[in-house]
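Engineer: Below you'll find the structure I mean.
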Amino acid sequence: MEAAQECYRLGTQRFPDISWPWAEFAVAWSSAGEGRPGTAEEFLRLACLRGLPGAAAALDREFLRPLRPVLRRICRSEDLTDTALQELRTKLLLPPAPRLDSYKPTSSLRAWLSVVATRTALDVVRRSAVHERHEVELEEQLAAMTEQPEQRVLGAEQRALLAAALRAAVRRLPHEQRFALRMHVTANWNIAQIGRVFSVHRATVARWLLAAKEALRGTLREELERLAPGPADAALSSLPSQLDVSLSRVFATTGVHGIEEAPR
Amino acid sequence: MSSELAPAHRCFGDDELLELALGRLGQAAAREMLREVERCPDCSVVLAEVGRGVALDAGEDLEPAHIGWFAVGPGDVLGGRFRIVRALGAGGMGEVYEAVDVELGEPLALKTIRPGFAQKASRIERF
């Protein structure tokens, strides 16, 4: 009963809006909380599943609204983001099978909710008409990539070759370098998080990123010199500062559907 | 679960992706799973988001991709004086390059600091 008491103490402290007599909480704990950690999050989860006044509002305030940027990144419009947020609330809270019931405390509630939120947003986008436009947008981005400043002096055909060279160079990277680069560029993962998923030290990740950078810079310089040996000096000088922008687009265009490794 | 544009791949469950993001799988299992994740559009997006959440839960700052990281590399001349020859190594704080002082003709080592790392004064001091 110690965990239950701790759960109740922390929960009532953090969520004073939720009025829940101890005796009733103890009953709920014995049926749905036994064996779980005595945390404020668990108190909130049980309160939400019981439909207590103030519980849904607290979940919304503390956990769901902060996930709005996650939804927005995937939905790409305010309307779809609102739809996804509403679906997330429904999915988590409403009977007959509120998803919140399946949360296992092996991770933080926030991390688990970010997974459910991301899945919800992907579903909303997939169902929407915007999904098709989104695919078109990706193609447009690919075309726009060839309009980077470092490619100004090149013709359309050469720009396409350069873009293809960059994509090919990304595909040629060893898997760990490519994954590290992708998560760093597109998801803003720090090197600690990249190291965490690979179970390697952050210094190792830093070396991967450096190696990836060297490889891509080398490829692009060679390609630019091959495509525009004389008048491309200005372009070459502006290449480095633009490369990471271009990379974002490479990952945005190829990464959304996954990157296939180049045959060795 | 899958995009028609992607080849066949395995799609992972929420708990599996959480375990991966939390670094609980060990090197071999993580590498194998990450190869599959990279091929799955949904899993990639979910992992990207949950990884951000895990980093924030751990009290770490995210590290936005920045203009400039690619700006330093072999062949570049910094400040009109230091020409970078080659990369010597990289660590958690930044990167180290072999460079040449073009005015004096002398070799030197040039260190860069990661922008995310440079946000705290104590780190600058250690650097």
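Chains as they are written, first to last, in our numbering: chain E, 1 to 264; chain L, 1001 to 1127. For every residue, glycine included, the Cβ atom is placed at its ideal position computed from N, Cα and C.
1. Taking only beta-carbon atoms, is residue 1018 of chain L less than 9 Å away from chain E?
2. Which class does residue 33 of chain E belong to by DSSP, given the choice of helix, strand or coil?
3. Along the region 1037-1053 of chain L, what residues have a CB closer than 7 Å to any CB found in chain E?
4. Between residue 1074 of chain L and chain E, is any beta-carbon pair separated by less than 9 Å?
5. Just the chain E side, please: which residues come within less than 7 Å of residue 1087 of chain L by C-beta, in chain order?
6. Return the first residue and the last residue of the beta strand (DSSP E) that residue 1109 of chain L is part of.
7. Here's the rule I'm using: 16 or more other beta-carbon atoms within 10 Å means buried, otherwise exposed. How should residue 107 of chain E be labelled?
8. Go to residue 1096 of chain L, then tell me how far its beta strand (DSSP E) extends in each direction, as first and last residue.
9. Taking Cβ to Cβ, would you say residue 80 of chain E is nearer than 9 Å to residue 116 of chain E?
10. If you count every other CB in all the chains shown that lies within 10 Å of the CB of residue 1042 of chain L, and 16 or more means buried, which is it?
11. So the candidates are L/1059, L/1054, L/1053 and L/1105; which of them puts its Cα closest to the Cα of residue 1085 of chain L?
12. Short check: CB of residue 177 of chain E to CB of residue 212 of chain E, under 9 Å?
13. Taking residue 85 of chain E as the reference, give the member of E/192, E/25, E/207 and E/69 with the closest Cα.
14. Give a yes or no on whether the minimum CB-CB distance between residue 122 of chain E and chain L is below 9 Å.
15. Taking C-beta pairs closer than 8 Å, name the residues in chain E that residue 1063 of chain L reaches, listed in chain order.
16. In chain order, what are the residue ranges of uninterrupted alpha helix (DSSP H) at least 4 long that sit wholly in the region 1011-1056 of chain L?
Structural biologist: For this structure:
1. Taking the second sequence and counting its residues from 1, one reaches residue 1018 of chain L at position 18. Residue-level contact by beta carbon holds for residue 1018 of chain L and chain E, with a gap shorter than 9 Å.
2. For the purposes of this step, residue 33 of chain E is identified with residue 33 of the first sequence, where counting begins at 1. If DSSP states are grouped into helix, strand and coil, residue 33 of chain E belongs with the helices.
3. Taking 7 Å as the Cβ-Cβ cut-off against chain E, the residues of the region 1037-1053 of chain L that qualify are 1038, 1039, 1040, 1041, 1042, 1044, 1045, 1046, 1048, 1049, 1050, 1051, 1052 and 1053.
4. Working through the second sequence from its first residue, we reach residue 1074 of chain L at position 74. It does: the Cβ of residue 1074 of chain L has a partner Cβ on chain E nearer than 9 Å.
5. Your numbering for residue 1087 of chain L matches position 87 in the second sequence. The answer, in chain order, is 210 and 214.
6. For this step, residue 1109 of chain L is matched to residue 109 along the second sequence. Element bounds for residue 1109 of chain L: 1106-1113.
7. Walking along the first sequence from the start, residue 107 of chain E turns up at place 107. By the 16-neighbour rule on beta-carbons within 10 angstroms, residue 107 of chain E is buried.
8. Counting from one through the second sequence, the residue named residue 1096 of chain L turns up at place 96. If you look at residue 1096 of chain L, you'll find it in the beta strand (DSSP E) that goes 1094-1101.
9. The count along the first sequence starts at 1 and reaches residue 80 of chain E at position 80. The count along the first sequence starts at 1 and reaches residue 116 of chain E at position 116. No, Cβ-Cβ distance for residue 80 of chain E and residue 116 of chain E is not below 9 Å.
10. Within the second sequence, the letter at position 42 stands for residue 1042 of chain L. Around the Cβ of residue 1042 of chain L, a 10 Å sphere holds 16 or more other Cβ atoms; the residue is buried.
11. Here residue 1085 of chain L refers to the residue found at position 85 of the second sequence. Per the Cα distances, L/1105.
12. The count along the first sequence starts at 1 and reaches residue 177 of chain E at position 177. The count along the first sequence starts at 1 and reaches residue 212 of chain E at position 212. It is a contact, given that the beta carbons lie within the stated cut-off.
13. Walking along the first sequence from the start, residue 85 of chain E turns up at place 85. For the residues E/192, E/25, E/207 and E/69, the minimum Cα distance to residue 85 of chain E belongs to E/69.
14. Here the question's residue 122 of chain E lines up with position 122 in the first sequence. Yes, contact with chain L.
15. The count along the second sequence starts at 1 and reaches residue 1063 of chain L at position 63. Correct list: 184, 188, 189, 190 and 191.
16. Those alpha helix (DSSP H) runs which fall completely within the region 1011-1056 of chain L and span 4+ residues are 1014-1021 and 1027-1039.
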